[in-house]
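**Q** Read in order, the letters of the sequence shown are residues 275 to 655 in our numbering.
Mind looking over this structure? Questions follow.
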Amino acid sequence: MSQKKPETIAAQALGWIDERTRAIAPAIHASSTFQRDADNQYRSGRNYARADNPAFDQPEAVLAALEKGEAAMLFASGMAAATSVFLALAPGDHVVAPKVMYWSLRHWLATFATNWGLSVDFVDMTDLAALGRTMRPGKTRLVWVETPANPLWDIVDIEAVAAIAHGAGARLAVDSTVATPVFSRPLELGADLVMHSATKYLNGHSDLVAGALVTRTKDEAWERIAVVRKQGGGILGSFEAWLLLRGLRTLFPRVRTAAANALTLARSLAANPNISHVLYPGLPQFPGYAIALRQMTGGFGAMLSIRVKGAAQAAIATAAHVEIWKRATSLGGVESLIEHRASVEDAASLCPPDLLRLSVGIEDAGDLLADLERALTLAHR
Ligand SMILES: *Cc1c(COP(=O)(O)O)cnc(C)c1O
Numbered sequence: 275m276s277q278k279k280p281e282t283i284a285a286q287a288l289g290w291i292d293e294r295t296r297a298i299a300p301a302i303h304a305s306s307t308f309q310r311d312a313d314n315q316y317r318s319g320r321n322y323a324r325a326d327n328p329a330f331d332q333p334e335a336v337l338a339a340l341e342k343g344e345a346a347m348l349f350a351s352g353m354a355a356a357t358s359v360f361l362a363l364a365p366g367d368h369v370v371a372p373k374v375m376y377w378s379l380r381h382w383l384a385t386f387a388t389n390w391g392l393s394v395d396f397v398d399m400t401d402l403a404a405l406g407r408t409m410r411p412g413k414t415r416l417v418w419v420e421t422p423a424n425p426l427w428d429i430v431d432i433e434a435v436a437a438i439a440h441g442a443g444a445r446l447a448v449d450s451t452v453a454t455p456v457f458s459r460p461l462e463l464g465a466d467l468v469m470h471s472a473t474k475y476l477n478g479h480s481d482l483v484a485g486a487l488v489t490r491t492k493d494e495a496w497e498r499i500a501v502v503r504k505q506g507g508g509i510l511g512s513f514e515a516w517l518l519l520r521g522l523r524t525l526f527p528r529v530r531t532a533a534a535n536a537l538t539l540a541r542s543l544a545a546n547p548n549i550s551h552v553l554y555p556g557l558p559q560f561p562g563y564a565i566a567l568r569q570m571t572g573g574f575g576a577m578l579s580i581r582v583k584g585a586a587q588a589a590i591a592t593a594a595h596v597e598i599w600k601r602a603t604s605l606g607g608v609e610s611l612i613e614h615r616a617s618v619e620d621a622a623s624l625c626p627p628d629l630l631r632l633s634v635g636i637e638d639a640g641d642l643l644a645d646l647e648r649a650l651t652l653a654h655r
């Protein structure tokens with residue numbers, strides 16, 4: 275069973291068959307509550323759907339298998355998953371997070387989490403010496419990284435960061451939303467926790483919001499996170515859990531097609547006279563390329579950014595002229611999205627004003643390229 279390839283695990287959702295009906299696709303369990311036995315016991319192991327929901331069992335088992343962890347937990351969103359990791363710490367604890375990361379979580383760490391009592395330092399996670407200097411042995415509980423990291427696609431060396439974190443007695447959590455289990459298994463590289471915005475590639479169809487955590491071991495820290503979910507109530511709905519499982523079945527072909535498109539686009543756009551920089555980990559001139567080549571397997575993901583000559587104005591005008599690309603936030607769907615990130619992120623963001631973030635989908639790469647090239651030309655006329 276455990277020898278099966280991840281492609282097989284995903285396509286068959288572990289091959290589970292409903293015992294009562296022999297159904298290949300699971301039923302949707304919508305019940306909020308479960309009957310107690312006559313002798314006052316709960317032999318089913320279930321009593322209330324905020325605590326645990328049978329609709330989570332299969333998608334959580336699939337995610338744990340794909341990430342090679344002991345257990346997984348679904349959440350109402352990626353933010354619910356990520357913030358639960360920090361809320362399972364105690365006020366006064368020290369954590370280290372990246373300067374380049376999903377901006378909404380960085381903002382939450384700098385505001386809510388800091389007000390709540392966490393001591394948060396933001397460092398350049400590509401600078402291991404700087405990370406080492408920021409660690410407070412015995413006081414730092416958690417190091418959080420994202421790789422590739424929004425929206426500059428910094429590549430963080432998970433193995434090296436895990437060694438630094440563990441050396442100081444801290445745990446390492448990795449936001450692997452962009453890498454996906456197709457291209458990266460952070461737990462194998464030494465991370466303790468993996469987080470996904472399942473809204474993105476895991477579901478893949480831009481039709482639900484969900485989050486997930488996967489743990490290497492079901493340790494005490496994992497149990498505290500489970501309490502945060504159960505008591506805080508940031509749980510996913512049963513229908514969304516079912517949709518997520520359906521999306522997961524096509525994870526590998528979707529993500530591989532999108533990443534192949536992204537590589538084709540990155541190579542062509544690097545030669546475009548209206549672009550100053552293409553930020554994509556799969557280009558040999560990209561600073562994180564060597565680490566990405568070693569740490570990611572079979573591809574570099576499907577997210578890239580371009581910096582448009584002519585500053586913010588030209589970038590926004592480029593986005594205005596596309597027809598196939600959709601002007602929208604988010605990422606990881608089968609359809610390609612384009613976004614002027616500086617319009618979204620806060621003042622602390624390192625995002626340059628001329629940057630457009632591209633979430634590459636599974637359309638024809640030639641169509642995507644022609645549409646973008648045409649928009650770039652029109653924006654520079
Ligand atoms: C979208 C995203 C999140 C937040 O997830 P939600 O599902 O929107 O709450 C966190 N990290 C990354 C990298 C993301 O892209």
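Note that beta-carbon positions come from the ideal geometry of N, C-alpha and C, so glycine has one too.
1) Buried or exposed: residue 501, going by 16 or more other Cβ atoms within 10 Å of its Cβ?
2) Under 8 Å: do the stretch 419-430 and the stretch 448-466 share three or more Cβ pairs, one atom per stretch?
3) Following a CB-centred definition, is residue 353 positioned closer than 6 Å to any heavy atom of ligand 1?
4) Take residue 368 as the anchor and find which of 321, 295, 444 has the nearest alpha-carbon.
5) So is residue 613 buried or exposed if we call it buried at 16+ other beta carbons inside 10 Å?
6) Do you know offhand how far residue 313's Cα is from residue 321's?
7) Please look up how many angstroms separate the CB atoms of residue 495 and residue 352, rounded, as I've assumed it's under 8 Å.
8) To the nearest angstrom, report how far apart residue 515 and residue 333 are at their CA atoms.
9) Between residue 574 and residue 547, is the Cβ-Cβ spacing less than 7 Å?
10) Please classify residue 305 as buried or exposed, where buried requires at least 16 other C-beta atoms within 10 Å of its C-beta.
11) Taking 6 Å as the cut-off, is the CB of residue 562 close to at least one heavy atom of ligand 1?
12) Just to confirm before moving on: does the CB-CB distance between residue 648 and residue 629 stay below 7 Å?
13) Taking the C-alpha atoms as reference points, what is the distance between residue 497 and residue 489?
14) Within 6 Å: the Cβ of residue 471 and any heavy atom of ligand 1?
15) So, are the CB atoms of residue 607 and residue 479 less than 7 Å apart?
16) Between the alpha carbons of residue 435 and residue 373, how many angstroms are there, rounded?
17) Hey, how far is the Cα of residue 393 from the Cα of residue 605?
18) Let me know if residue 638 comes out buried or exposed under the rule of 16 or more other beta-carbons within 10 Å of its beta-carbon.
19) So for residue 468, helix, strand or coil by DSSP?
20) Between the stretch 555-566 and the stretch 529-547, do three or more beta carbon pairs fall short of 8 Å?
21) Span of the alpha helix (DSSP H) holding residue 445?
22) In chain order, what residues of the same chain have a beta carbon less than 7 Å from the beta carbon of residue 507, not counting five sequence neighbours either side?
23) Rounded C-beta distance between residue 346 and residue 288? I'm assuming under 8 Å.
24) Go ahead and label residue 310 buried or exposed: buried means 16 or more other beta carbons lie within 10 angstroms of its beta carbon, across all protein chains shown.
**A** Well, looking at it:
1) Exposed, by the Cβ-count rule.
2) The stretch 419-430 makes contact with the stretch 448-466: 3 or more CB pairs, one atom from each, lie closer than 8 Å.
3) Correct: residue 353 has its Cβ closer than 6 Å to ligand 1.
4) Closest by alpha carbon: 444.
5) Within a 10 Å sphere around the beta-carbon of residue 613 sit 16 or more other beta-carbons, which makes this residue buried.
6) Cα-Cα distance, rounded: 14 Å.
7) Rounded, the Cβ-Cβ distance is 19 Å, inconsistent with contact.
8) Between residue 515 and residue 333, the C-alpha separation is close to 7 Å.
9) No.
10) Counting the other Cβ atoms within 10 Å of the Cβ of residue 305 gives fewer than 16, which makes it exposed.
11) Because no heavy atom of ligand 1 lies under 6 Å away, the Cβ of residue 562 does not count as near it: no.
12) In this structure, the beta-carbon distance from residue 648 to residue 629 does not fall below 7 Å.
13) In a straight line, the C-alpha of residue 497 is about 10 Å away from that of residue 489.
14) Correct: residue 471 has its Cβ closer than 6 Å to ligand 1.
15) Yes, Cβ-Cβ distance for residue 607 and residue 479 is below 7 Å.
16) About 15 Å.
17) Taking the straight line from one Cα to the other gives about 30 Å.
18) Counting Cβ neighbours within 10 Å, residue 638 comes out exposed, since fewer than 16 surround it.
19) In the three-state reduction of the DSSP assignment, residue 468 falls in the strand class, which pools E and B.
20) Contact holds between the stretch 555-566 and the stretch 529-547, because three or more Cβ pairs, one in each stretch, are under 8 Å apart.
21) Note, residue 445: premise wrong, no alpha helix (DSSP H); beta strand (DSSP E) at 445-449.
22) Closer than 7 Å at the Cβ level, and outside the excluded window around residue 507, lie 324.
23) Contact flag wrong, Cβ pair sits at about 12 Å.
24) Exposed is the call here.
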